[in-house]
Amino acid sequence: RMVEEEGGYLSGTITLEGTDIKSLPKEKLRRRVGMVFQQPIAFPHSIEKNLSYVLKYHGVRNKKEIAEKITESLQKAKLYDEVKDQLKKSALKLSGGQKQRLAIARSLCAGPEILLLDEPCSALDMKNTIAIEETLLELKKQYTFVIVTHNLAQAKRIADQVIFMDQGVIAVEGTPQQVFSSENARMREFLGKFHQGA
300 RMVEEEGGYL
310 SGTITLEGTD
320 IKSLPKEKLR
330 RRVGMVFQQP
340 IAFPHSIEKN
350 LSYVLKYHGV
360 RNKKEIAEKI
370 TESLQKAKLY
380 DEVKDQLKKS
390 ALKLSGGQKQ
400 RLAIARSLCA
410 GPEILLLDEP
420 CSALDMKNTI
430 AIEETLLELK
440 KQYTFVIVTH
450 NLAQAKRIAD
460 QVIFMDQGVI
470 AVEGTPQQVF
480 SSENARMREF
490 LGKFHQGA
């Protein structure tokens with residue numbers, strides 16, 4: 300629902316366990332649904348404050364609980380071992396891949412049920428892409444992810460279910476095997492362009 304804050308509007312219906320998200324207070328919705336953007340975003344604060352900010356926003360004040368949640372979230376995002384002795388360091392000094400894992404950790408701090416990821420690896424090199432994918436494969440045992448990506452190989456590696464959309468309409472959906480072997484004309488055209496490097 301960030302589009303509303305930019306002057307946009309919502310149409311149609313998205314439900315979360317049967318409840319229209321438009322009827323949920325934004326703070327409650329944002330606790331249940333986390334968001335990781337395409338460009339790795341680190342706030343201009345310490346690594347620790349990047350995470351404690353989210354916890355305090357959601358009403359967590361106990362210092363011990365905050366410290367425990369920060370450690371747990373960094374561990375889940377596979378970043379803890381790299382930064383455990385540098386939590387007071389500026390998050391802006393992290394590499395692109397580390398910033399993206401920090402963004403994942405920050406989303407996890409709120410204890411969401413669902414994570415939305417917009418092209419989470421598009422700005423990263425192969426090494427960091429592999430690290431993010433390994434993190435997501437581990438995390439999907441505990442969380443539901445919705446990932447928007449043009450990276451078909453990544454979708455095949457990570458997804459349990461794939462939806463191919465054409466001009467805002469679902470054209471094909473199913474398991475990766477079902478979708479990537481579909482005879483849908485637009486899907487075949489897209490796959491053809493992908494294999495040609497278009």
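Residue numbers (the numbering used here): 300 to 497.
Beta carbons: idealized from backbone N, C-alpha and C, even for Gly.
Quick caveat, the model's predicted, so the values are computed rather than measured.
Counting only runs of 3 or more residues that sit fully inside the region 425-474, the beta strand (DSSP E) segments are 443-447, 461-465, 468-473, in chain order. When the Cα atoms are used, A402 and Y308 turn out to be separated by approximately 26 Å. Around the beta-carbon of Q453, 16 or more other beta-carbon atoms lie within 10 Å, marking it buried. Annotation for G307: no alpha helix (DSSP H) segment contains it, and DSSP assigns it neither H nor E. Residue range 395-408 is occupied by the alpha helix (DSSP H) that includes G395.
For the options E432, F463, F336, the alpha carbon positioned closest to that of L416 is the one of F336. When Cβ pairs closer than 8 Å are counted between the two stretches, the region 375-382 is seen not to touch the region 416-425, the count staying below three. In this chain, D384 is not harboured by any alpha helix (DSSP H), its DSSP state being neither H nor E. Rounded to whole angstroms, the separation of the alpha carbons of E472 and L373 is 33 Å. The C-beta distance from V382 to I346 rounds to 5 Å, short enough to meet the 8 Å contact threshold. Three or more Cβ pairs closer than 8 Å define a contact, and the region 386-397 meets that threshold against the region 338-354. The beta carbons of R331 and I446 sit about 18 Å from each other, so the pair does not count as a contact at 8 Å.
For the pair L350 and C408, the CB atoms are nearer than the 9 Å cut-off.
Secondary structure of V353 (DSSP, three-state): helix. In this structure the region 461-470 touches the region 483-491; the number of beta carbon pairs closer than 8 Å is three or more. Within a 10 Å sphere around the beta-carbon of N427 sit 16 or more other beta-carbons, which makes this residue buried.
In the structure shown, the three-state DSSP call for S481 is coil. I457 places its beta carbon 9 Å or farther from that of L490.
Here DSSP, grouped into helix, strand and coil, assigns S421 to coil.
Each residue's CA atom was taken as its position, placing V359 and Y442 some 21 Å apart.
The Cβ neighbour count for V302, taken over all protein chains shown within 10 Å, is under 16; the residue is labelled exposed.
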